[in-house]
Amino acid sequence: MSYVEKAFYQYIKNIFTSGFRILFSKKYFFYTIAFFLLSITSTTFYLIGIGNAELKEVGDILIIIELSFAITYVCFGLFFARFPVKYWGVPAFLAAAGGSVFLYFFPIISPFIAIIGYMGWIFVSIFLTFSLSRNFWGSRVLGSVMFLGKRADEGTILFSGVVFILSLINAGISGYLIYLGANTGDVFLIIASISALIAIIIINIIIFSLGENDDVFYTILAFFYIISGFNLWKLLFYTISNASASSAETYNIGGTLSALFLIFYTVSNYAKKLKKIEEPKNNEILELVEDKKKKAEIEKIEEGEEEKWGLLKIPNSIGPLGILMIVMGLVMSYHVTYLQLLTGGDIFSEFFLSENLLVGLKDKFGVVLLTCILIFYLLNYLLSKDFRKYASPTLYRFEFLPPYEELIERINKVRTGEDSWKQYANMLIKQGVKAGAKSTAQKVFVAPTKKVAGAIGGAYSTSKKGVTKGFNKVFRRKGKKKKS
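In the numbering used here, the protein residues as written are 134 to 617.
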């Protein structure tokens with residue numbers, strides 16, 4: 134596989150491997166099992182019980198239990214998860230059991246709770262999608278691979294052509310939805326479509342103008358828009374087909390799968406913090422070891438900027454376990470609502486909004502919310518220095534690499550035997566390794582009290598100069614000729 138392929142697959146693999154490891158660890162096993170058992174059993178009994186009254190009744194009870202657990206997960210995740218579980222574990226279980234009984238005898242409350250959780254998950258998932266894009270394109274390792282050889286002042290964002298084509302398709306969808314909204318008198322559809330057009334205009338400004346100012350941040354923002362913009366496509370399908378809630382949600386199975394993926398991503402994102410909570414005594418001992426101190430110092434330098442942005446203080450104050458419980462609770466509420474809309478269940482039978490309206494309302498809300506969050510991130514980038522540090526991390530671009538066209542030309546010459554590849558390999562080894570090793574030795578051994586990250590940065594900068602010098606000798610770039 135290529136470097137880009139390996140970077141992408143490694144990112145996805147890390148999400149699932151670290152996610153599985155934390156979710157099914159001893160400390161979090163109960164929350165995970167409860168989540169999956171409730172979701173799977175309620176789905177199984179509800180779908181099988183469509184033609185069987187007894188199974189249907191069991192499914193209804195499981196739906197109520199799942200909704201009660203969803204409320205409990207969110208509430209205890211918000212307010213109690215930072216405290217030792219021995220103080221709130223039993224009260225949380227009793228609250229979930231009591232809530233199930235309460236909802237069983239007062240079912241009129243269920244749809245309100247389900248809808249709040251349903252919309253809440255859509256809101257949270259969009260923020261998680263931005264974090265997903267940021268942690269891939271802005272990763273110090275994987276992001277550096279993606280931006281390999283690209284100069285900061287070269288121009289626009291990565292894959293700008295693909296983003297532009299998708300934005301044109303979305304523009305056509307938005308225009309058509311405005312036309313349909315005008316014919317049917319659907320004011321909210323018109324508002325959502327105009328909002329989608331505003332987002333498209335912002336993305337094209339990024340492609341043709343803003344991207345050259347900070348290609349890392351605007352690449353992150355553009356791909357965040359592409360991933361989250363799927364709501365516009367779902368809104369188009371629902372509108373033109375005039376579908377019922379059940380048939381529309383049948384094609385929304387991707388929403389449930391993406392919700393499960395974002396759970397693994399959330400856990401993976403907090404894997405290091407969760408591990409520290411899991412083994413506090415071991416970490417306290419290891420912190421006394423010199424290598425551990427150096428590693429912690431490097432991580433602190435690389436990730437310290439994330440802690441400063443105001444919005445990130447909210448999840449940091451809640452804690453990793455609290456975030457996990459909140460996300461699981463919102464997903465359970467989303468799952469309950471999705472299952473009801475899919476099967477035409479009983480929860481919304483006496484609700485003031487019909488199931489068909491709820492499906493369209495959800496997609497319209499998602500489209501409008503995406504535009505608002507795009508503007509929110511742009512304003513934060515302009516006004517907040519801490520957000521700029523978080524959303525536009527420094528990457529190792531290796532700008533000394535030759536331009537693509539020049540590299541292709543040299544490779545063709547090597548292929549035809551006109552040049553030898555050995556001269557380029559020797560040049561890289563002699564210039565790069567020599568300069569890098571010299572700089573690292575000076576930074577680490579001569580001045581050991583200095584930060585290790587500074588040594589790495591110095592080695593990289595010196596290596597860059599050394600290799601650049603070597604490349605200039607070999608490639609003899611145009612415009613660099615000496616004046617006579």
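Virtual Cβ for every residue (Gly too), placed ideally from N, Cα, C.
Is it buried or exposed for residue i, if we count other Cβ within 10 angstroms and need 16 for buried?
i: Leu515; result: exposed
i: Tyr312; result: exposed
i: Arg273; result: exposed
i: Leu491; result: buried
i: Tyr206; result: buried
i: Leu343; result: buried
i: Val320; result: exposed
i: Thr352; result: buried
i: Ser151; result: buried
i: Tyr358; result: buried
i: Arg267; result: buried
i: Glu138; result: exposed
i: Gly271; result: buried
i: Ser450; result: exposed
i: Gly443; result: exposed
i: Val469; result: buried
i: Lys576; result: Unreliable positioning characterises Lys576 in this predicted model, as indicated by a pLDDT of 40, which lies under 50. A coordinate reading is not provided.
i: Thr317; result: exposed
i: Pro217; result: exposed
i: Lys159; result: exposed
i: Lys133; result: In the structure as shown, the chain starts at 134 and stops at 617, and residue 133 therefore has no counterpart that could be examined.
i: Thr289; result: buried
i: Ile456; result: buried
i: Gly550; result: exposed
i: Ala140; result: buried
i: Ile298; result: exposed
i: Val296; result: buried
Which of helix, strand or coil does DSSP assign to residue i?
i: Val257; result: helix
i: Val547; result: helix
i: Gly271; result: coil
i: Leu665; result: Since the displayed the chain opens at 134 and closes at 617, residue 665 lies outside it and no answer follows.
i: Glu287; result: coil
i: Asp479; result: coil
i: Leu281; result: coil
i: Ser151; result: helix
i: Lys441; result: coil
i: Phe397; result: helix
Is the beta carbon of residue i less than 7 angstroms from the beta carbon of residue j?
i: Met461; j: Phe162; result: no
i: Ile339; j: Ala329; result: no
i: Glu199; j: Ser233; result: no
i: Ala229; j: Phe202; result: yes
i: Ser525; j: Asp348; result: no
i: Leu291; j: Tyr144; result: no
i: Tyr237; j: Ile197; result: yes
i: Ile302; j: Leu365; result: no
i: Ile323; j: Gly314; result: yes
i: Ile155; j: Val464; result: no
i: Asp479; j: Leu368; result: no
i: Phe212; j: Gly192; result: no
i: Val87; j: Ala325; result: Any question about residue 87 goes unanswered here, given that the chain covers just 134 to 617.
i: Arg530; j: Phe280; result: yes
i: Ile148; j: Phe397; result: yes
i: Phe484; j: Pro240; result: no
Need the endpoints of the alpha helix (DSSP H) that residue i sits in, please.
i: Tyr220; result: Val218 to Phe238
i: Phe485; result: It is not in any alpha helix (DSSP H) - Phe485 carries neither H nor E in the DSSP assignment.
i: Lys522; result: Lys518 to Ala524
i: Ser450; result: Lys446 to Ile451
i: Lys159; result: Where Lys159 is concerned, there is no enclosing alpha helix (DSSP H), given that its DSSP letter is neither H nor E.
i: Lys189; result: Ala186 to Phe212
i: Asp348; result: Asp348 to Ser361
i: Phe321; result: Val320 to Phe341
i: Gly308; result: Ser293 to Thr317
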